[in-house]
Structures are given as C-alpha cells and as structure tokens.
Amino acid sequence: MTIENYIDNINQRYKLGNATEHTFRGDLQQLLESLVPEIRATNEPKRQSCGAPDYILTKKDIPVGFIEAKDIGDKDLEGKKKSVNKEQFDRYKASLDNLIFTDYIDFHLYNNGEFITKIAIAEITEKGIIALPQNFERFENLIKNFCVHIGQNIKSPKKLAEMMAGKARLLSDVIGKALISDEQNHQNSTLREQKQAFKEILIHDITPKGFADVYAQTIAYGMFAARLHDPTLDSFSRQEAAELIPKSNPFLRKLFGYIAGPDIDDRIKWIVENLAEIFLACNVEDILKNYGKTTKMEDPIIHFYETFLAEYDPKLRKARGVWYTPAPVVNFIVRAVDDILKTEFDLPQGLADTSKTKISVSTQTADKRSATGYRQMEQEVHKVQILDPATGTGTFLAEVIKHVHKKFKGQEGIWSGYVENHLLPRLNGFELLMASYAMAHLQLDLLLKETGFKPTKDQRTRVYLTNSLEEYHPDTGTLFANWLSSEANEANHIKRDTPVMCVIGNPPYAVSSTNKNDWIQDLISDYKKNLNERKINLDDDYIKFIRYGQHYIDKNGSGILAYISNNSFIDGITHRQMRKHLLETFDKIYILDLHGNAKKKEVCPDGSPDQNVFDIMQGVSINIFVKTGSKKKTELGKVYHYDLHGKRNHKYETLNNSTISEIKWSKLAFKKPYYFFVPKDFELIKNYEKGFKVNEILSLNSNGIETKCDALAIQFSKQKLQNVINDFENETIEFLKTRYMEKQDSSGWTFARAKESILNDTFKQVKINYRPFDVRETIITKKSGGFIGRSRFEVMQHLLQPNIGLIIPRQTTQDYRHNFITDKIIEGNFTASAKLFGTGCLFPLYLYPKSNGQLTTEQTTERKPNINQEIVKKIAETLDLTFTDEKKTTENTFAPIDILDFIYAVLHSPTYRETYNEFLKIDFPRVPYPKDKDAFWQLVKLGREIRQIHLLKSPKVEDFITTYPKDGNNVITTKVAKKDWELFDEAKGLGRIWINDEQYFDNIPLTAWEFYIGGYQPAQKWLKDRQERTLEFDDILHYQKIIVALSETDRLMKEIDKIEII
79 MTIENYIDNI
89 NQRYKLGNAT
99 EHTFRGDLQQ
109 LLESLVPEIR
119 ATNEPKRQSC
129 GAPDYILTKK
139 DIPVGFIEAK
149 DIGDKDLEGK
159 KKSVNKEQFD
169 RYKASLDNLI
179 FTDYIDFHLY
189 NNGEFITKIA
199 IAEITEKGII
209 ALPQNFERFE
219 NLIKNFCVHI
229 GQNIKSPKKL
239 AEMMAGKARL
249 LSDVIGKALI
259 SDEQNHQNST
269 LREQKQAFKE
279 ILIHDITPKG
289 FADVYAQTIA
299 YGMFAARLHD
309 PTLDSFSRQE
319 AAELIPKSNP
329 FLRKLFGYIA
339 GPDIDDRIKW
349 IVENLAEIFL
359 ACNVEDILKN
369 YGKTTKMEDP
379 IIHFYETFLA
389 EYDPKLRKAR
399 GVWYTPAPVV
409 NFIVRAVDDI
419 LKTEFDLPQG
429 LADTSKTKIS
439 VSTQTADKRS
449 ATGYRQMEQE
459 VHKVQILDPA
469 TGTGTFLAEV
479 IKHVHKKFKG
489 QEGIWSGYVE
499 NHLLPRLNGF
509 ELLMASYAMA
519 HLQLDLLLKE
529 TGFKPTKDQR
539 TRVYLTNSLE
549 EYHPDTGTLF
559 ANWLSSEANE
569 ANHIKRDTPV
579 MCVIGNPPYA
589 VSSTNKNDWI
599 QDLISDYKKN
609 LNERKINLDD
619 DYIKFIRYGQ
629 HYIDKNGSGI
639 LAYISNNSFI
649 DGITHRQMRK
659 HLLETFDKIY
669 ILDLHGNAKK
679 KEVCPDGSPD
689 QNVFDIMQGV
699 SINIFVKTGS
709 KKKTELGKVY
719 HYDLHGKRNH
729 KYETLNNSTI
739 SEIKWSKLAF
749 KKPYYFFVPK
759 DFELIKNYEK
769 GFKVNEILSL
779 NSNGIETKCD
789 ALAIQFSKQK
799 LQNVINDFEN
809 ETIEFLKTRY
819 MEKQDSSGWT
829 FARAKESILN
839 DTFKQVKINY
849 RPFDVRETII
859 TKKSGGFIGR
869 SRFEVMQHLL
879 QPNIGLIIPR
889 QTTQDYRHNF
899 ITDKIIEGNF
909 TASAKLFGTG
919 CLFPLYLYPK
929 SNGQLTTEQT
939 TERKPNINQE
949 IVKKIAETLD
959 LTFTDEKKTT
969 ENTFAPIDIL
979 DFIYAVLHSP
989 TYRETYNEFL
999 KIDFPRVPYP
1009 KDKDAFWQLV
1019 KLGREIRQIH
1029 LLKSPKVEDF
1039 ITTYPKDGNN
1049 VITTKVAKKD
1059 WELFDEAKGL
1069 GRIWINDEQY
1079 FDNIPLTAWE
1089 FYIGGYQPAQ
1099 KWLKDRQERT
1109 LEFDDILHYQ
1119 KIIVALSETD
1129 RLMKEIDKIE
1139 II
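In structure tokens form, the structure reads like this:
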C-alpha cells in the first residue's frame, strides 16, 4: 500500500460519516507494514482495553515502537487538555521511549518523553481528506527511522531507575485493568488466579491495583537481578532472564518460568518485552559499581531500590510502613547482639558461633503415642539461629554477613565452607512484599559473591515470601498458589521447629494493621489484659512484631530480641501491660531512645533541633531485650535507658562509634501500674495521689465529635451549612462528589452514607466550639457513621441544653496547658490534634434525661449533677459545707459549679502544673482536696472569673486593650507568620499583627500573642484559620475579645499562684 492509496482509503471511509478511530486501524497497519516490510504492526483490542497503545511495532518479536491513534481531526494531539488526552499521553511518554501520537493524518513523534517533530500527510477540508504530497517523503523517512530506533545507552543509575519505574508503572496499570476486566467478565485468567492465591495466602486485603503494583515491581526487579548476573551483554530477553535468576531464589525462578513461557498473559507480554529492552541497553553491574561511593551508602543496590521507589510511587512506600533502615542503626544493633551473645550467653564467637543443639521435630509418620499425633525425631541444628521477621530488602541479614565476614580476615580458605555449612543454615528471613523479597535475595546473593563465597551445591537463601504474623497456609490448588504454599511451607519449618535465638530487624509501622488473624490476636491479647481502657491503641504492626519476637525467645527459653521501632510503647498509657509483660519475660531491657518525634515537636534539652534518623514524623528507639533464663519467673527484669538527642548525623556518628557496653545507661526505677521505660520522677507521687482524679469526680466523658469531613460538616455560618445540607438532600452522589472535590470516600465517611444520613436520620443544626474561642456551625446526629463520622451523642446531648463542660486531656506530650471550658459541643481536636496527644475529653457538669428520639435544645429542669457523691461528701465534711445539686444563695452551701470552678482554678495554677508536670502528661489530672474553706472560696472565685472569661461572658472582655486603626477590605491575605508580627515596643511587650498590606490589629501584648491553650496559640490560630476570608464587623470585635481573654488568663493564673494549693 502506498501513501496515496492509504489516504484514498481513509477518505472514502471518512465521507461515510459514521467513522470512529477504530475504522481506520487496518489501513494504518497495512501502510506501516508496506513502508517497512520487516516490521509487524500489531493491533490487539484486548491489549488496548487494558492500557496498551493501539499499535505495537515489533521486529523479530522485539518491540521497536508504539503508536497511539485517535479519531481523525482530534483536537488534543499535543496531550495538553486534562479532560481529553493529557493523562493517557503523559503515562505513555513516561514509560515508552519511541512513540507516535496520530489522528491517522497528522503524526507526532516523541523519543524518551521529548517531542521531536510532527508531520501531516493530509488535511481535512469541506471536500474531505486532501493529501499533502510534499510531505510524503519526509513521512516515509520518519516511519523508517522510527522502526530502526535504537534505545539510548543507559549509564546513569538515576536514568535507569526512572526508565524502570516508567515501564513498571505502565505494567502495573495494564495488569490492574486486566484484573478488573477479568473480574467484571468472570474470566479465569492466569493473572486473576495468581492475584487470588496471593490474596488467600499473603495479603488478604490486597486490591487489584495493589497486586498489580507488587507484581510489576517484582518483574522489574527480577529482570534487574537477572541482568546483573548476565555474562552476555549483547543479548537479553524475558526468556534469558528466567535462566539467569539464581537458584538460591526458587520462587522467583518459578515466577519467571511463567513470564518467559508461552502461557504468559498476552495483555502484559508486550510491556514485559519492552522492559527487557531497557536492560539490553545497559550494563547494570557497571552502573552500580560506584553508586555506593557517590551516594555515601554502604548498600548501593538498596539505595538504587529507594531511588526506583521514589520514581515509581513515593506514596506506596509509606502505605505499608516500609522504610530503609540507615546503616549506622543496623550496624549498632548487629554489633550489640554480637556483644551480648559473648558477654551474657558465654558464646565467644558471638554471631559467628557454630555450636549446635538438638531439637525434637514432628515427622509425617502417624504415632498415637505422641502428643502431636506424629512421630517425633531428634534433629541437630545450629544454636544461634537468627531471624529477621520483616526482612524488607535484607539489610539486617546483610549486616550480619558483613560482621561475621570480618572475623575471617586471613582465613579466606575456609570462608566458603563456613558460609555453606554454618552461616546460611542460621540466617532466616520472612518478607511479605514480593518486590522487597526479590531485592533481599539479590542483595544477599551479591554480597556473598563479593566476600568470595563460592558455593559447591545449590542452596537456597533462607528468606521466604510469607506473612510472619500468620501460621501456615495449605495449598489452594493453582500453580502460583503452589509456589506460594511451598514458600510458606518452608517458612513454617522455621516458625514451628527452629529454635530462634536472635530476632532482629525494623518492623513495619502501620497503625491500621491488616494483620488481624486469630493467632497473632491471641498473642497480642497478653498486652491488653486488665487494661479497662475505652480505646486500646495496641494494634500497630510494630507492637505485634515485638510480641511475635518475644514469642520466639520465650519458646526457645533464651535469646535476644533487637528492633528499631516506633517509640510510643516506652511511655504510652495503654502500653503499660505490654511493658509489664516484657519485664516478666526478659532479664534486661535496653532502650536507646533516638527521639526525633516531629509530631511532638521534640527538641534537644538545650532547645536546638532534634532530628529523626528516618524521614518520618514518629519518634523511634532501639530496643534490645535479653533473656538468659536465669531470672526467676516472679521477678521483673531490669530496664536500662539512654537518650540520644541531636541532629541526624550526630546520632549516626554516635551509633557508629559506640558499643552497647560503652553507653552510659541509666537504670530505671519503675512503678506500678505504668512500668514506664523512660525516666520519671516519682518523688512527689505520694502527695499527688492524695488528690481526686477528675474522671472520678466527673465520670461521664468523651472526646469531641469527629465529623470525618470538617470542610463540609463544619461551616462559619448557618447559611453555608444549610447550603451543604440542601445539596445532600437534593443532589445526586455524583454531583456531590464533583462539587465537593476536597472530600473523598474513605473507610470512615462516604458520600452515600452521608446523604442517607441527611435524608433519614434525625439531626439538628447547632453551634460548635471548634477550637478555643472559635465558634462555628455544624449538625448533631444521634447516629455515627453518617454525615457525622462519630457524633459521641451519649455525652454531647447534654451540651444541647444549658450546661458547662470541662475539657481535659487524658494524655499530653507537651507541658500541661490543655484544659478549657465550653457551653457547646466540641470538635475532637479542640485543644490539640488527636495524632499528637493532648486532645481534650469533655466532662459535662450536668446530665439531662435521655431524649425520646427527638433532638431538642429546649430547656428542661430535670437534670442531675455528673458528680461522684463520695468525693463530694469528703469535700463537704472537710469544709463543713452542705452540697446542693443547683447553686443556691443559702449560706454554707456549695454546688456543682463551685466544684468545677475550684478544679478549673487549680488546673490553671502555674505551680501545680510545674510540680506535677510528669504526672499530668500521663493520665487525667488529680486535684488536691481543698485545704480549708477560705482557700476553697478564693479558688472558686478565681476559677469562676477564668471560666466566664473563656466563655467570653465576662464584662471584662468588652473592655478592649487593642485597636484596629486602618480602614480597608478586611481580607486576611498574610500568612500570619513571623514576618507579619511586629513587636514595636519591647519594653512594654506590645506588638501588632498585619492581616494584609494595609490593616493590622495594634497593641497586642506579647504574652497574649504567644499564649498557648493546649497545642494552639489562639491569638495566631484564629487568624490563620481565616486566611483569604473577609473579617466581618463582629469578627473584628471578637478577635479583640480573645486578646483580652488571653491577657486576663495570664493575670489570673498569677493570682491563683498566690494561694497555697499543694
């Protein structure tokens, strides 16, 4: 077919008036194969529906180029319009290095994502499609050059990572679409079978997209590993890759046997072959040779994997809590374990130990006399068995190899025999993610090769693809399932029979753990016994892995558990039973607290920045638990603690240059019921515990409401809230999702449930204290899980009628300043973010009768105090006063409001806060009983003043101490940052805050500007939360009331401190 014939053909079809982009596909295919006879232009509809370009041009089955065709006259061949071609074109440009976009007459060429040229061979006119013969020769040359495209020679590690990631992303996209198509059409493809087996055996909640991600990464890194082992650089293919996967990794060899074979799913074959083309264009070994030196990383392969992940999908890395452990951390932990084996277990060779022990294992032979039902046999195994149950990319096991190898300097002649007979049989690893598993095998294989290890037999590396926190899964039938079951079965021998002595690693950080099987839940229940907590935060994966490691050491009778992990367990209230259980198991516990908690805004003791050793917000610690077996069961172990503050490099340097014996540990004195693994000053505890707990005198309480959608459910005005409600009452879910794009469906809130709630549930529009001094509009519902995620109605209903609520946190990580007052319902993060601790619980002063299903704010006189009568009786006897349920003018009586004001005054005492700071951080506060009648009434008076000021009901807040002197549009355009604050009188401590280029609030006392209530500075936060908003008349007055309230609070706190409380 000539170009003229081609244009005639498409013109005839075009004139029929019913043509689509599919109409012309056969014509273009014929033209391409006519112009370049040695290529084949494949057009497969099944592939296209799963994300492949329309045409794949191959020469001898090797892809050389790709063409994506749109309808004739397409308006977005440049791929710039989001609603048209941009997303698809960007995806292809990022992953396909030789690419044409066309509308059958105009052809745009791209190489490596960069636009090269465009050529039109015809144009659309009123008479139809008219040829442009002057461009025919250029077009023919373009197509011929396109078909002989030679990929660039890749020499840069970053470039290789980028190109691998691009191909892997496209492969993931294709696999994901193929799986969805198979499920919708009920087709049993090999891909669908593999995904189902993976779901049943490894990750039970995995989605088609999730499986596509791990599968694509595994293929990409499997090929990477194969190419690294390839001695013939001039050839490489998927078939060759299967032959090159080391025999030390049987699962990956089996997977690539499928990838290389004729049964590979045709929908992914083209992109797998295109992926192989990348590796043909590079020498992986040369690329990585100096990578470690240039990046200052000891493991260039792992660092390359990090680079790949960053290019592939940075969010995916966070999704399952996977973080590369810095070399100084790994090195310290491995050296510490080695030292402890020598000093505590009398094993002079430490981790290099070759001694053996005998164990009893079950055979497959039935034996009724045996407790297990099977005959037992004795087996000799190595004593120092090492397990990393969250192996990741193999960093810890690699460090063990490096550490042990140093002991063989000058003994190279026996190294290979030692590795084969005494090292590999002791190194065990479990990994859940296929890509990380592939990387671990690759790293260990290459590291052993670097050390000079020469194997004399096929011996698998004992890193298994399995879920550590689950028991063995039976074979489920499919071939892929057989491969996974084989891995799980071999791993099960370790889980069941191997006497693991050393458990090391960096367990994943996933708060919402998906590991909820009965076996691990039963183990973790030991940490939850007798807690009597409403909310037990013990389902984080890292906690499960600590319990898992403890289980192995318990089963062995002795050993070492050494992790770096989230450090929340060392001082969390709900972790107290966990700490006690660990003390009952282990003789010695070493806690090297690395701090770095950005959520807590941690700083060094001198106030300088404190950095994390990871790029994460959560603080971490190195935890080493030692069980020698010599401690009596009734005894508790000893805890040794050390704080390591400072910048990241300082922490790395300290870890690199320290041994466990050189660190100046502090031996902790712990006390029931908390057993803290951090230093605490308990000298004042006896005096403090004489007081009554706030949650004992005011028993009913809860956190504030959680809307799960503040941007919709909480508004600045009644009308805006009503507009949202109207939309949910009258519009479709599709419309709502489009209008309110800032909110998406999640496990805690969906548009469908929210709409159903508005239509069917009883709700009432009410005011809410959103933040201190920040009142907004919301709705209250009796049911949770609808428009309001968690309504906390059992408590909040009591604030719908005249009432006062005391707001106090259960815990706080900061110095104590988190109590406040309210006469309205509150939002969950009222005094601090729930993620950072310090968010307050609301204690209503009075309880109203439960409603009959109707929501009302009408007053009823039937209410009773939320007061513990036993504590009130003790106060009444001490003060010789009579308690009344309501405030009376009768002499020698006191009421619930007096008790609340007394408590509120005490909690605002600077001396009280400072003296009991450590206790106030860990549980609801205890308040000392009043010393005498005079002190009680003085504190009641001051507490009442602060309460009225905080509710902005005191006449004092009307007497402004600030000014607003400039006229303007009143729009807050500044960021209300340091540069916008101007301290114009340092002597008097007065400043101004600019809200835009023209206007400001003037004469603001510095004490008010910097004053904290909980985790917020109200004078600053109130303005920041209104950026780009216009301040109305009432807003401007309200802000100035806030400044008075903060200044008065500071003054009254000083007055309270003149009264003896403690």
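Numbering-wise, this note's numbering comes out as the position in the sequence shown, counting from 1, plus 78. The C-beta atom is built at its ideal place from N, Cα and C for all residues, glycine as well. It should be emphasised that the depicted structure is a prediction, and the values quoted were computed from it without experimental measurement.
Taking just the CA atoms, how far does residue j sit from residue i?
{"i": "I572", "j": "K845", "result": "59 angstroms"}
{"i": "L547", "j": "W597", "result": "8 angstroms"}
{"i": "I411", "j": "H519", "result": "21 angstroms"}
{"i": "R91", "j": "S259", "result": "31 angstroms"}
{"i": "Q976", "j": "V1018", "result": "For the sequence presented, residue 976 should be read as Asp rather than Gln. Spanning the two alpha carbons is a distance of roughly 6 angstroms."}
{"i": "K371", "j": "H307", "result": "Any answer about K371 is weak, because its pLDDT of 47 lies below 50 and its placement is not dependable; what the coordinates show is given next. K371 and H307: Cα-Cα distance of roughly 21 angstroms."}
{"i": "K851", "j": "D901", "result": "The residue you asked about is not Lys; residue 851 is Phe in the sequence shown. Whole-angstrom Cα-Cα distance: 12 angstroms."}
{"i": "D1010", "j": "R1022", "result": "18 angstroms"}
{"i": "D185", "j": "L387", "result": "What sits at residue 185 in the sequence shown is Phe, not Asp. Cα-Cα distance, rounded: 34 angstroms."}
{"i": "E351", "j": "A516", "result": "20 angstroms"}
{"i": "F193", "j": "L174", "result": "13 angstroms"}
{"i": "Q583", "j": "R540", "result": "As written in the sequence, residue 583 is Gly, which differs from the Gln given in the question. Distance between the alpha carbons of G583 and R540: 16 angstroms."}
{"i": "M375", "j": "S643", "result": "Because the pLDDT of M375 is 49, which lies under 50, any placement of that residue in the model is unreliable, and the question is left without a value."}
{"i": "G1143", "j": "N907", "result": "Coverage of the chain is limited to positions 79 through 1140, which leaves residue 1143 absent and any answer about it impossible."}
Compute the distance between the beta-carbons of residue i and residue j, then report whether it is under 8 angstroms.
{"i": "L601", "j": "Y626", "result": "yes"}
{"i": "K434", "j": "H460", "result": "yes"}
{"i": "A1097", "j": "I1073", "result": "no"}
{"i": "Q427", "j": "M579", "result": "no"}
{"i": "Y990", "j": "K952", "result": "no"}
{"i": "V1005", "j": "I981", "result": "yes"}
{"i": "V691", "j": "G707", "result": "no"}
{"i": "D181", "j": "I150", "result": "yes"}
{"i": "L639", "j": "V581", "result": "yes"}
{"i": "P922", "j": "V873", "result": "yes"}
{"i": "L672", "j": "V698", "result": "yes"}
{"i": "Y730", "j": "L670", "result": "no"}
{"i": "R305", "j": "V252", "result": "no"}
Just list the residues that DSSP pairs residue i with in beta bridges.
{"i": "W348", "result": "Paired residues: none, contrary to the question."}
{"i": "A303", "result": "BP columns for A303 are empty, so no partner."}
{"i": "I1071", "result": "W1059 and F1079"}
{"i": "N1168", "result": "Missing from the structure shown is residue 1168; the chain here goes from 79 to 1140 and no further."}
{"i": "D424", "result": "Looking at the DSSP assignment, D424 forms no beta bridge with any residue, so it has no partner."}
{"i": "K745", "result": "Y718"}
{"i": "V704", "result": "I638 and K666"}
How would you call residue i, buried or exposed, if buried means at least 16 neighbouring beta carbons within 10 angstroms?
{"i": "N231", "result": "exposed"}
{"i": "G916", "result": "buried"}
{"i": "K240", "result": "Residue identity differs from the one stated: residue 240 is Glu in this sequence, not Lys. Buried, because 16 or more other Cβ atoms sit within 10 Å of the Cβ of E240."}
{"i": "H381", "result": "buried"}
{"i": "P467", "result": "buried"}
{"i": "K999", "result": "buried"}
{"i": "L94", "result": "exposed"}
{"i": "P927", "result": "exposed"}
{"i": "T195", "result": "exposed"}
{"i": "H896", "result": "buried"}
{"i": "G300", "result": "buried"}
Beta carbon of residue i: closer than 7 angstroms to some heavy atom of the ligand HEM?
{"i": "K1011", "result": "With respect to the ligand HEM, the structure shown offers nothing to examine, as it has no ligands at all."}
For the region 202 to 284, list the beta strand (DSSP E) runs that are entirely contained and at least 3 residues long, ordered along the chain. 206 to 209
Counting only runs that start and end within the region 939 to 1009, where is the alpha helix (DSSP H) found for 4 or more residues in a row? 947 to 957, 974 to 985, 988 to 993 and 995 to 1000
Segments of 3+ residues assigned as beta strand (DSSP E) that fall wholly inside the region 575 to 643: 578 to 583
Report the residue ranges of all beta strand (DSSP E) runs contained in full by the region 751 to 802; include only those spanning at least 3 residues, in chain order. none
Contiguous alpha helix (DSSP H) assignments of at least 4 residues, all confined to the region 808 to 888: 811 to 817, 829 to 838 and 871 to 874
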